[in-house]
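Residue numbers (the numbering used here): -17 to 720. Notes follow the structure.
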């Protein structure tokens, strides 16, 4: 740790309950962020009532503490009316900022609730200066950087972008970039982008055809971030807010972590003197094994401990035997009756929590079990087996103290405030302006009537794999796509633009230049800061050479076309001036018509809707979109993880298997680690119904599909028969996106 903090950044704490909020304030947080009911990235946490929100904002402001509302969940079309009602209420409560992800929510606030200050959530994927500058241009006061951004990259971003920067300094780390993780959603419809992640990264996986000594492991389970040693460097790099993760953590955890970071921030030149106490506080908070994350290295070697579970808490020991709710083990940590423990079942990966009711040693009942003792713990209901692992996650004394606390209680004044706000008609006026209502959010009749196309319905025309009247776009990972006749006469060919495809482009003959200029070039969703100059120059050169069709993988990439055309203010007008055709990839996470409309204003007349959406959600978007062209990916192997980390124990181009037998492939592309489903998903049999629902085109994505003769023959057969295979995966189309 170097030096003191010249200017003290804000210490931003999480709160998932009234007691946690009060604890964070009392321990020295400068600001606290809480989840707005139903629309936050911790949807599994308890929802606050309007009165509780009012009480916390009032309590914070009376104590000189700012309160931010996290509304960082993606919004479905039929949720817009309720969202407007919530915004109208929050307008009266006056939080200090809203933390958001959804582009439609941004559009709603900008047009109808301009008094709100906006912070760009980490789920918006701000991983480079392009993204941060774009959000600054859009009017965001602050941007929460992706956790993958290094200290050096933070400094570069700060030097280029006139906007406040916030970073996570403590707490859980996702393996994937936030905003690009589809794994939980793919497994069962519970979207991490809507706060319902089931944490597949915490599970144990095995490599297929593993050799001798290659045991299963927790290959994607990240250790907890702890940047207590890096606060001065982060402040020097331009960070104005240090953020602690943990809106589902206890008051004791949040209190200890806030107290620890407060001491470092306030220590001045005496940081070394307070470090021992600070480290003790963080140890007692019972988080996971710590890591410094990506701050000092883009490939931190301590980010994952692959052969230890990613459980929160202190390791108690491995179960040697279990019967009738009693669990035997040799203690690796002290434990007392009343402590909370978490049982991790090795075979299934399931986790469950229990309270220790009794401790026995050689038949004697103990008041306390010590490290090294072979004891049995009474945990009624526990179904443990030998080999399972126990962790201590909370202690009795701390839980008893928290139970007695009740420092923050909503009073009658807040109830009256809420009632008054509801009578003002603000929400109704906005809904009239939007021409939206709950009853209008669904067309008169459903278009999607079953898993396959209706009997007797013409699904496709005479040409091979050509859906009747609905154009098909064909995407590939490189220029080999030009040699594949999988679909007859696709409307567009799309190729991802990276260093590999650039080399292929440079090797093409001049006679093929006309064909190449008809290609839509796709920018990958992640462009590292060091690669920004490369892409800026490349896009500029290609635009000047006549390449006019582009697809952006992140909204920040609009900045590249501002530079290429030299006109406008960052949105669509500058691209229109150069006669560019800009499209939005599904990685923009568009789930409502407000997002579609906003992107059109910014120059994206064509957009792929969210790849994880269900059929009802898709239909409702199409029912309310206006002039934009909308499409949907109907075939492909979408990256479920997109991650920066590439540790030595990863086996690229190999299959890994979940405890439930699900198979996936790990590959390296765009300089990132991608986890792909073993087989493509397909909605090709639904193309006729997608047309009826209002879609303008569909996209077949061969980016991660082997382009060998055998595979291509199978695909041609699939598309010729309209993809009618009931065994094929359909992602979330026939279930409900949660």
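Each residue gets a CB set at the ideal place from its N, CA and C atoms; glycine is no exception. What you are looking at is a predicted structure, and each value in this text was computed from that prediction instead of being measured.
query = Apart from the five residues just before and just after residue 42, which ones in its own chain have a Cβ nearer than 7 Å to its Cβ?
reply = These residues qualify, in order along the chain: 7, 14, 48, 49.
query = In the structure shown, what three-state DSSP assignment does residue 142 receive?
reply = helix
inquiry  = For the pair the segment 606 to 626 and the segment 263 to 273, tell me if three or more CB-CB distances fall below 8 Å.
reply    = no
key: Cβ shell of residue 427 (< 8 Å), same chain only, five flanking positions each side left out   = Because the pLDDT of residue 427 is 48, which lies under 50, any placement of that residue in the model is unreliable, and the number read from its coordinates should be weighed accordingly. Hits under 8 Å: none found.
task = Below 8 Å on the Cβ atoms is my guess for residue 722 versus residue 530; work out the distance and round it to an integer in Å.
result = Residue coverage of the chain in this structure runs from -17 to 720, which leaves residue 722 outside it and unanswerable.
Start and end residues, alpha helix (DSSP H) containing residue 452 = Neither: residue 452 is in no alpha helix (DSSP H) and is coded neither H nor E.
task = Determine the burial state of residue 368: buried for a count of at least 16 other Cβ atoms within 10 Å of its Cβ, exposed for fewer.
result = Label assigned to residue 368: exposed.
inquiry  = Restricting to runs no shorter than 4 residues, where is the alpha helix (DSSP H) found entirely within the segment 636 to 692?
reply    = 669 to 675
Cβ neighbours of residue -9 in the same chain (closer than 7 Å, five flanking residues each side left out) = So the qualifying residues of the chain are 217, 221, 222, 223, 224.
ask   = If you draw a straight line from the C-alpha of residue 161 to the C-alpha of residue 354, how long is it?
value = 44 Å
request  = Report yes if the C-beta distance between residue 280 and residue 273 is below 9 Å; otherwise report no.
outcome  = No, these two residues do not count as a Cβ contact at 9 Å.
ask   = How big is the Cα-Cα spacing for residue 18 and residue 81?
value = 10 Å
key: Cutoff 7 Å; reference residue 619; Cβ partners in own chain excluding five residues on either side   = Contacts found: 658, 659, 662, 686, 687.
Neighbourhood of residue 436 by C-beta distance below 7 Å, restricted to the same chain and skipping five residues each side = Because residue 436 sits at a pLDDT of 36, beneath the cut-off of 50, its placement in the model cannot be relied upon, and the point is left open.
message = Which residue wins for smallest C-alpha separation from residue 30, given the options 86, 184, 230?
response = 230
ask   = Just curious, the beta strand (DSSP E) that residue 15 is in, first and last residue?
value = 13 to 17
inquiry  = Considering Cα atoms alone, identify which of 345, 328, 360, 298 is closest to residue 352.
reply    = Checked all of 345, 328, 360, 298; the closest Cα to residue 352 is 298.
query = For residue 208, which residues does DSSP report across the bridge?
reply = Its beta-bridge partners are 152.
inquiry  = One question on the structure: do residue 566 and residue 114 come within less than 9 Å of each other, judged by their Cβ atoms?
reply    = no
inquiry  = Can you give me the C-alpha to C-alpha distance between residue 83 and residue 54, rounded to a whole angstrom?
reply    = 5 Å
ask   = Start and end of the beta strand (DSSP E) containing residue 507?
value = No beta strand (DSSP E) contains residue 507, which DSSP labels as neither H nor E.
key: Completely contained beta strand (DSSP E) runs for the segment 461 to 508, where each covers 3 or more residues   = 474 to 478, 502 to 504, all fully within the segment 461 to 508.
request  = Alpha carbon to alpha carbon, how far is residue 192 from residue 87? Give it in angstroms, no decimals.
outcome  = 47 Å
key: Segment limits, alpha helix (DSSP H) that includes residue 414   = Unbroken alpha helix (DSSP H) run through residue 414: 408 to 416.
message = Less than 9 Å between the C-beta atoms of residue 612 and residue 589, yes or no?
response = Cβ distance < 9 Å, so residue 612 and residue 589 count as in contact.
query = The alpha helix (DSSP H) with residue 92 in it runs from where to where?
reply = 85 to 94
query = Are the Cβ atoms of residue 366 and residue 309 separated by less than 9 Å?
reply = yes
ask   = Any idea which residues DSSP pairs residue 346 with across the strands?
value = 343
ask   = Which residues does DSSP pair with residue -5 in a beta bridge?
value = Beta bridge pairing from DSSP links residue -5 with 14.
request  = Pull up the CB-CB distance for residue 628 and residue 655, whole angstroms please, since I reckon it's below 8 Å.
outcome  = 5 Å
request  = Under the assumption that residue 665 contacts residue 171 (Cβ atoms under 8 Å), give the Cβ distance between them as a whole number of angstroms.
outcome  = In fact, because the Cβ distance is near 15 Å, the residues do not count as touching under 8 Å.
ask   = In the DSSP assignment, what are the bridge partners of residue 272?
value = 206
query = Which same chain residues, not among the five before or five after residue 377, have their C-beta less than 6 Å away from its C-beta?
reply = 321
query = residue 121: which of 23, 96, 111, 104 sits nearest, CA to CA?
reply = 96
query = Tell me, which residues are paired with residue 589 by DSSP?
reply = 566, 612
query = In or out: residue 406 buried (at least 16 other Cβ within 10 Å) or exposed?
reply = exposed
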